[in-house]
Amino acid sequence: MVRFILPLTPLHYPVAYLIYRLNKRLSLPGLIVGSMLPDIEVPIMLILFGTEVPPRLVLHSLLGAASLGTLFSLALTVLIYPTLVNVFFSIRLVEVEKECKFTLRLQFSCLLGNISHVLLDYTNHDYNPIFWPFQMPEETPNLICSALGGREAASLIVQSILIIIGLIILLINGRRHAWKKLLLGG
90 MVRFILPLTP LHYPVAYLIY RLNKRLSLPG LIVGSMLPDI EVPIMLILFG
140 TEVPPRLVLH SLLGAASLGT LFSLALTVLI YPTLVNVFFS IRLVEVEKEC
190 KFTLRLQFSC LLGNISHVLL DYTNHDYNPI FWPFQMPEET PNLICSALGG
240 REAASLIVQS ILIIIGLIIL LINGRRHAWK KLLLGG
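Residue numbers (my numbering): 90 to 275.
Written as structure tokens, this is what we have:
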């Protein structure tokens with residue numbers, strides 16, 4: 090039986106934000122959605138197959154993230170993200186839609202977000218389908234996870250770092266238009 094571990098999806102946000110800060114020409118909404126999308130397969134796999142199969146596979150591989158993950162991220166960013174941000178964070182729908190237009194910039198940002206998710210998960214999970222379907226997950230060595238002391242220690246280290254970075258991001262953005270900065274960039 091495969092050990093099921095609930096993903097901490099929001100901890101992927103700091104990486105998306107840091108990528109955006111490195112290159113503000115990217116789309117922060119695309120990076121955010123892309124960096125979180127691969128975890129959508131965890132509840133789907135759990136519902137369809139229970140705990141008898143690994144909860145991560147297609148979207149947690151580089152190939153799946155670059156293809157299906159990017160495609161799904163694009164659709165969600167263009168069609169759903171604007172409404173969610175408008176409803177839950179009271180940012181004008183027109184402003185959000187402007188940042189979520191279907192462009193090459195958005196496509197590339199969704200791709201980067203998905204790839205960042207897969208690479209971040211590689212640092213703190215011992216089961217990684219990163220090279221699937223070319224290499225089975227059980228055959229994929231995880232030198233980073235091992236170097237950090239195994240799955241539990243690696244998860245604790247990586248998640249602690251991400252929480253600290255996330256808190257710093259919140260402090261830096263302050264109160265004035267914070268949600269707009271955190272969800273749309275600028």
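From the three backbone atoms N, C-alpha and C, an ideal C-beta is built for every residue, glycine too.
Which residues bound the alpha helix (DSSP H) around residue i?
{"i": "M134", "result": "E130 to F138"}
{"i": "W221", "result": "It is not in any alpha helix (DSSP H) - W221 carries neither H nor E in the DSSP assignment."}
{"i": "N175", "result": "Y170 to F178"}
{"i": "V199", "result": "First, the amino acid is wrong: residue 199 is Cys here, not Val. Residues L193 to N213."}
{"i": "R110", "result": "Y102 to L111"}
{"i": "V147", "result": "Counting along the chain, V147 falls outside any alpha helix (DSSP H), and DSSP gives it neither H nor E."}
Closer than 8 Å by C-beta to residue i: which residues in its own chain qualify, once you throw out the five before and the five after it? Chain order, please.
{"i": "K190", "result": "V167"}
{"i": "R181", "result": "N175"}
{"i": "L163", "result": "G119, F191, L195, Q196 and C199"}
{"i": "L165", "result": "V122 and L126"}
Quick test of your reading: residue i and residue j, contact by CB under 8 Å. State the CB separation rounded to the nearest angstrom.
{"i": "F220", "j": "S150", "result": "7 Å"}
{"i": "N217", "j": "V247", "result": "Incorrect: roughly 13 Å between the Cβ atoms, too far for contact."}
{"i": "S205", "j": "V104", "result": "5 Å"}
{"i": "V195", "j": "S116", "result": "Rather than Val, the amino acid found at residue 195 in this sequence is Leu. The pair is a contact, with the Cβ atoms about 5 Å apart (cut-off 8 Å)."}
{"i": "Y109", "j": "G263", "result": "Incorrect: roughly 17 Å between the Cβ atoms, too far for contact."}
Which residues in the same chain have their Cβ closer than 6 Å to the Cβ of residue i, if we skip the five residues on either side of it in sequence?
{"i": "G255", "result": "P103"}
For residue i, which residues from the same chain have a beta carbon less than 7 Å from its beta carbon, with the 5 sequence-adjacent residues on both sides left out?
{"i": "A155", "result": "L200, N203 and I204"}
{"i": "F178", "result": "W268 and L272"}
{"i": "P171", "result": "L182, V185, E186 and C189"}
With a 10 Å radius around its C-beta and 16 neighbouring C-beta atoms as the bar for buried, classify residue i as buried or exposed.
{"i": "I261", "result": "exposed"}
{"i": "N112", "result": "exposed"}
{"i": "Y133", "result": "Sequence inspection shows Ile at residue 133; the Tyr mentioned does not correspond to that position. That one is exposed."}
{"i": "L245", "result": "exposed"}
{"i": "F223", "result": "exposed"}
{"i": "E130", "result": "buried"}
{"i": "T159", "result": "buried"}
{"i": "L193", "result": "exposed"}
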